[in-house]
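In what follows, a structure is listed as structure tokens, so that the remarks can point back to it.
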Amino acid sequence: MRKLILIAGGSTLVYFGLALLMAVIPGFELSQVPPGPGVKPLTAIEAEGREVYVGNGCSYCHTQQVRPLPEDKVFGRPSTAGDFAYQTPELLGSERTGPDLTNVAKRRGSEVWQYIHLYNPRAVVPESIMPSFAWMFRVVDTAPKGVTPVPVPKTFAPPSGVVIPTQRAKALVAYLMSLKQAPLSNMAAAGETSAPAAPAGGATAPAAAAPAAAGQPSGGIDSAHGEQLFGDNCAACHQANGEGLAGTFPPLKGNAAVNDANATEHIHAVLFGLQGKVIDGVKYESPMPPWGKQLGDKDIADIINYERSAWGNHGKPVTAADVAAVRAKDDGN
Amino acid sequence: MSFFISEDAAGDGDSSELARLFAGYTISATAWLVFATFVAIVLAYKFGAPDFGSGAWLTFGRLRPIHTNDTFYGWASIALVGLAYYVAARSCRTQLYSIRLGWVGLGLFNLAAVLGTVALDLGYSAGDLEYREWPWPIRLIFVAALVVTAINLLATVARRSTDDIYLSNWYTMGGVLWTVIIATVGVLPWYQYGLGQVAVSGFYMHNAVGLWFTPLALGIFYYALPKLLNRPIYSYALGILAFWTNLLFYPIIGSHHFLFSPLPWWLQTTAIVFSVAMLVPVWGGSANFLLTMRGRISVVAHSYTLGFILIGVVGYLVGSTQGTLEAFRSLQQVWHLTSFTVGHSHLTMYGFVTFAIWGGIYALLPAATGKRPGRLGIAAHFWLAVVGSFIYVIAMSIGGTIQGLDWVQGKPFIQSVIDIGPFYIWRGVGGILMFLSHLVFAWNVWRMTLGHGVQASAAQAGPLATEAV
């Protein structure tokens with residue numbers, strides 16, 4: 000009997016102590032971490048959407064943690080302890096079969112895009128292997144009053160009728176659109192006003208800042224960098240081939256504003272967003288998010304120069320100073 | 000100390016009831032294996048055909064936890080407990096404390112797994128907290144099953160007719176008792192908010208593997224190897240050293256699943272340090288098994304049962320050493336969050352734990368029931384499983400590395416999805432072979448239990464006695 004007590008009891012006691020030390024005590028401690036500045040609890044519908052996210056296992060393919068590594072900069076600033084105050088169950092995830100979603104509201108800031116993407120991801124990202132969540136939508140003959148149907152591209156749309164989101168899809172999109180990092184307090188000022196280096200979540204901003212500091216003139220054109228930024232931020236809607244999505248997201252290829260020698264309109268659209276614009280007789284209703292708050296002048300200039308030179312476009316290149324001028328003039332609009 | 004296991008049990012009175020219980024656990028576990036890996040085939044197919052089975056009940060995010068939880072708690076847990084009961088009664092030369100409690104435990108394990116599967120498929124998940132996604136009331140049923148098992152195992156060892164407690168029972172009793180603590184820590188809600196829950200997740204997901212499946216599978220090695228080879232384990236003392244070092248080091252390393260996360264840096268660094276310390280029990284244990292086999296290569300080469308165990312030992316050695324390497328920050332930077340991890344988890348849970356279980360079942364079940372599967376059946380099972388899992392692990396390791404390098408090079412994310420594509424297909428090929436091997440295994444289990452197997456010869460367990468030659 001003594002042997003049994005020694006082996007079974009002794010080892011269990013040791014394990015009990017280790018479990019306290021490695022799980023329970025850190026758990027207690029870290030459960031008390033106060034929310035970081037600007038980190039707010041979810042609204043009712045966002046919380047409902049989070050439940051949809053949890054119940055359908057979104058985090059088996061999408062993380063919500065940005066590591067302090069160069070490769071993660073594209074997803075935002077490194078996550079801090081205060082970011083997770085209201086996150087139970089935690090959704091950090093362990094695999095990135097798909098991209099990190101910590102900042103998805105900033106990176107894919109169009110609700111319409113989110114709806115189309117959920118209905119069938121391949122409608123906007125041809126190479127995507129994400130499941131279709133068409134079962135979160137309904138197909139009806141005509142949309143009820145006050146409900147805007149989802150503008151699913153023809154190839155992916157049902158043969159007849161229109162697609163409208165169920166409550167589940169609406170809640171999920173509300174949750175996704177709530178996913179953006181709060182700027183860290185000491186970076187807030189820089190991030191909110193003119194964002195020269197945009198450390199507060201600008202995609203690859205620090206990476207971009209480095210070569211600039213290394214002596215590259217701020218007005219220099221970096222087309223590779225512009226192409227990368229376009230891929231990270233813009234291609235989701237305007238597509239990698241610049242053709243957009245017929246009737247939903249306007250084309251940049253052959254676009255008058257993009258090819259206009261005067262780039263003010265082009266710069267303005269990227270900085271402050273756009274809605275309801277008529278291009279070639281088609282009115283584009285889905286709002287384009289403003290990028291001025293997340294991207295610095297140099298990054299925006301690189302994107303614009305890529306757009307002005309790709310797909311047969313021939314707009315005059317712009318400089319970071321041009322972007323700063325438009326930003327200064329129209330800030331506060 | 001040499002411990003020689005003799006075939007005769009003192010309490011032959013219950014041997015047919017024990018055999019029935021052992022068979023019951025094995026059949027039930029096998030059913031879960033076939034189900035959970037069928038789900039896996041559907042999941043693997045979806046990587047190439049994402050629009051396949053796109054309804055709510057078949058969506059990837061619901062099926063994925065069903066696959067992991069059912070392989071963990073349906074297949075491996077039930078199979079290992081069945082083996083642990085048999086090993087306890089035989090190595091203690093006594094009767095199982097309570098056959099009835101054994102059946103009650105089996106019922107509880109199955110109840111938890113069935114309810115858990117249904118809940119997850121309906122979208123009721125406790126959160127994407129790996130291996131504890133079942134809603135908490137269901138996890139309490141699993142805890143109850145563990146408590147029943149612990150009582151039964153301890154009471155059996157307490158009534159042993161041997162003086163010593165054989166090493167296998169150290170591992171199995173310890174594993175069950177510690178897992179009661181792991182499962183309880185995982186369920187209690189008071190310290191699991193936000194980042195606090197991340198800390199508990201790191202502890203839970205790792206300990207549920209290394210202090211549940213690992214000790215029980217090692218317990219099987221320590222019993223089955225000497226029995227099949229008719230020689231004592233190479234070093235009993237080394238086995239004890241591995242027992243205590245595994246217990247001391249393993250619980251500390253869970254946070255290495257959250258390297259570079261906002262968890263306190265000291266917690267992550269401690270986890271890395273002890274991940275290296277884990278080489279002591281891993282290499283000590285593996286050396287012990289390999290040295291026990293030394294000089295008997297021809298015997299091993301002629302016995303698929305020993306082949307399963309050999310693969311299991313190598314899987315333990317390679318998988319665990321790989322785990323130590325993966326814990327280094329420099330390598331995590333490339334491999335973390337990629338499919339490399341999926342390869343690692345299959346190398347360990349499949350290459351080690353599942354092969355250990357198979358070796359144990361082929362070694363012990365025929366002795367219990369008096370029926371053997373055909374040699375062709377074991378051979379088909381062995382080769383399909385070995386080749387399939389080899390393809391699987393290699394595909395995920397290469398594909399995951401490419402994914403990680405794409406990210407390091409700053410390529411657009413979608414490029415990593417495109418680049419790993421071919422390796423998803425190879426994974427599917429390996430997975431299908433693995434699944435076929437499970438069907439063959441189910442047939443073999445049928446022959447060893449309810450069906451007409453080959454009559455097992457004299458109870459004297461020569462190395463080949465459990466296989467029809």
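Here the protein sequences come in this chain order: C and P. Okay, so the first sequence: first residue is 0 according to numbering that gives the first Met the number 0, each after it adds one. Okay, so the second sequence: first residue is 0 according to numbering that gives the first Met the number 0, each after it adds one. We put the CB at the ideal spot given by N, CA and C, even for glycine. Keep in mind the model is a prediction, meaning the values are calculated, not measured.
Which chain C residues sit within Cβ distance under 7 Å of residue i?
{"i": "V41(P)", "result": "In chain order: nothing, as chain C lies at least about 12 Å away."}
{"i": "Y190(P)", "result": "V23, G26, F27, S30"}
{"i": "Q332(P)", "result": "L68"}
{"i": "F412(P)", "result": "P98"}
The alpha helix (DSSP H) spanning residue i covers which residue range?
{"i": "K105(C)", "result": "103-106"}
{"i": "I65(P)", "result": "59-68"}
{"i": "F136(C)", "result": "Not the alpha helix (DSSP H): F136(C) falls in the beta strand (DSSP E), residues 136-139."}
{"i": "G48(C)", "result": "43-54"}
{"i": "M447(P)", "result": "412-447"}
{"i": "I401(P)", "result": "374-407"}
{"i": "P25(C)", "result": "24-30"}
{"i": "S124(P)", "result": "Note, S124(P): premise wrong, no alpha helix (DSSP H); not H, not E."}
{"i": "F229(C)", "result": "222-232"}
{"i": "N258(C)", "result": "255-258"}
{"i": "H336(C)", "result": "For chain C, the structure presents residues 0 to 332; residue 336(C) sits outside this window and is missing."}
Mind pulling the chain P residues with CB within less than 9 Å of residue i?
{"i": "N55(C)", "result": "A55, T58, F59, G60, R61, G122, S124"}
{"i": "S109(C)", "result": "Correct list: empty, because the minimum Cβ distance to chain P is about 18 Å."}
Taking C-beta to C-beta, are residue i and residue j nearer than 8 Å?
{"i": "P289(C)", "j": "F271(C)", "result": "yes"}
{"i": "A157(P)", "j": "L3(C)", "result": "yes"}
{"i": "G126(P)", "j": "H205(P)", "result": "no"}
{"i": "I531(P)", "j": "F220(P)", "result": "The structure shown has nothing for residue 531(P), since chain P only spans 0 to 468."}
{"i": "F422(P)", "j": "I397(P)", "result": "yes"}
{"i": "G81(C)", "j": "V38(C)", "result": "yes"}
{"i": "A182(P)", "j": "V142(P)", "result": "yes"}
{"i": "A455(P)", "j": "A366(P)", "result": "yes"}
{"i": "I266(C)", "j": "D321(C)", "result": "yes"}
{"i": "T29(P)", "j": "V352(P)", "result": "no"}
{"i": "L119(P)", "j": "E94(C)", "result": "no"}
{"i": "G122(P)", "j": "G97(C)", "result": "no"}
Using a Cβ-Cβ cut-off of 7 Å (strictly less than) and excluding sequence neighbours within five positions of residue i, which residues of its own chain qualify?
{"i": "T323(P)", "result": "S274, V275, M277, L278"}
{"i": "G106(P)", "result": "none"}
{"i": "G246(C)", "result": "P150, V281"}
{"i": "Q321(P)", "result": "H343, L346"}
{"i": "L91(C)", "result": "T62, Q63, Q64"}
{"i": "G101(P)", "result": "L20, Y84, L95, N151"}
{"i": "G8(C)", "result": "none"}
Measure the alpha-carbon distance for residue i versus residue j and round it to whole angstroms.
{"i": "A144(P)", "j": "L12(C)", "result": "21 Å"}
{"i": "V179(P)", "j": "I164(P)", "result": "21 Å"}
{"i": "T268(P)", "j": "F327(P)", "result": "9 Å"}
{"i": "R107(C)", "j": "S30(C)", "result": "31 Å"}
{"i": "E264(C)", "j": "S308(C)", "result": "16 Å"}
{"i": "G387(P)", "j": "L432(P)", "result": "5 Å"}
{"i": "I393(P)", "j": "W243(P)", "result": "33 Å"}
{"i": "E226(C)", "j": "D301(C)", "result": "8 Å"}
{"i": "W382(P)", "j": "A22(P)", "result": "24 Å"}
{"i": "R138(P)", "j": "A111(P)", "result": "7 Å"}
{"i": "S1(P)", "j": "L217(P)", "result": "For S1(P), the pLDDT reaches just 36, beneath the cut-off of 50, and the residue's location in the model is therefore unreliable, leaving the point undetermined."}
{"i": "Y96(P)", "j": "S260(P)", "result": "47 Å"}
{"i": "F288(P)", "j": "T67(P)", "result": "28 Å"}
{"i": "S329(P)", "j": "A384(P)", "result": "33 Å"}
{"i": "A196(C)", "j": "P36(C)", "result": "Residue placement at A196(C) is flagged as unreliable, the pLDDT there being 38, under the threshold of 50; the coordinate-derived value follows with that caveat. Answer to the nearest angstrom: the Cα atoms are 21 Å apart."}
{"i": "G284(P)", "j": "A241(P)", "result": "6 Å"}
{"i": "I44(C)", "j": "P120(C)", "result": "23 Å"}
{"i": "A168(C)", "j": "G306(P)", "result": "51 Å"}
In terms of residues, what are the limits of the beta strand (DSSP E) holding residue i?
{"i": "V281(C)", "result": "281-283"}
{"i": "P164(C)", "result": "161-164"}
{"i": "I333(C)", "result": "This structure cannot speak to residue 333(C), because chain C is shown only from 0 to 332."}
What residues in its chain sit with their C-beta under 6 Å from that of residue i, if we drop five residues either side in the sequence?
{"i": "I98(P)", "result": "E16, L20"}
{"i": "P214(P)", "result": "Y170, G173, G174"}
{"i": "F229(C)", "result": "I302, Y305"}
What does residue i reach in chain C if we use C-beta pairs closer than 8 Å?
{"i": "E129(P)", "result": "S93"}
In chain C, which residues lie less than 9 Å from residue i when you measure between Cβ atoms?
{"i": "I98(P)", "result": "Correct list: empty, because the minimum Cβ distance to chain C is about 21 Å."}
List the residues of chain P that residue i touches, going by C-beta distances under 8 Å, in chain order.
{"i": "T87(C)", "result": "G126, Q191, Y192, G193, Q196"}
Starting from the C-beta of residue i, find all residues in its chain whose C-beta is less than 8 Å away, skip the five residues before and the five after it, and write them out in chain order.
{"i": "Y184(P)", "result": "Residue identity check: residue 184(P) is Val in the sequence provided, not Tyr. If we look at V184(P) and ignore the five residues flanking it on each side, its Cβ neighbours are V199, F202, Y203."}
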